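*Asks:*
In my numbering, the protein residues as written are 8 to 77.
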């Protein structure tokens, strides 16, 4: 997978800034940042060395949060 660098990507920055506000479900991220494929963006953020936890809230619902702040 080829990942964008967060320094150069508006969409990665929007999702990262949303996660700075607190935990968010996939739907929260899509709604609050106007992105599609939130899980792919989470993968790209991880490739940028950002530590993100994922919690299964219930079947098909996942919540993401930053494991540590930089």
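For glycine and all other residues, C-beta sits at the position ideal for the given N, C-alpha and C. Remember, predicted model here, so these are calculated numbers, not experimental data.
With a floor of 3 residues, list each beta strand (DSSP E) that falls wholly inside the region 22-72, ordered by position along the chain.
*Replies:* Whole beta strand (DSSP E) segments, 3+ residues: 59-65.
*Asks:* Give me the Cα-Cα distance between residue 22 and residue 9, rounded to the nearest whole angstrom.
*Replies:* By one-based count along the chain shown, residue 22 stands at place 15. By one-based count along the chain shown, residue 9 stands at place 2. Those two C-alpha atoms are separated by around 18 Å.
*Asks:* On the criterion of 16 or more Cβ atoms from any shown chain inside 10 Å, does residue 27 qualify as buried, or is it exposed?
*Replies:* The sequence position of residue 27 within the chain shown is 20, counting from 1. Residue 27 should be labelled exposed.
*Asks:* Between 19, 12, 62 and 54, which lies nearest to residue 43 when the distance is taken from Cα to Cα?
*Replies:* By one-based count along the chain shown, residue 43 stands at place 36. For the residues 19, 12, 62 and 54, the minimum Cα distance to residue 43 belongs to 19.
*Asks:* Under the assumption that residue 30 contacts residue 66 (Cβ atoms under 8 Å), give the Cβ distance between them as a whole number of angstroms.
*Replies:* For the purposes of this step, residue 30 is taken as the residue at position 23 of the chain shown. For the purposes of this step, residue 66 is taken as the residue at position 59 of the chain shown. 18 Å between Cβ atoms; not a contact.
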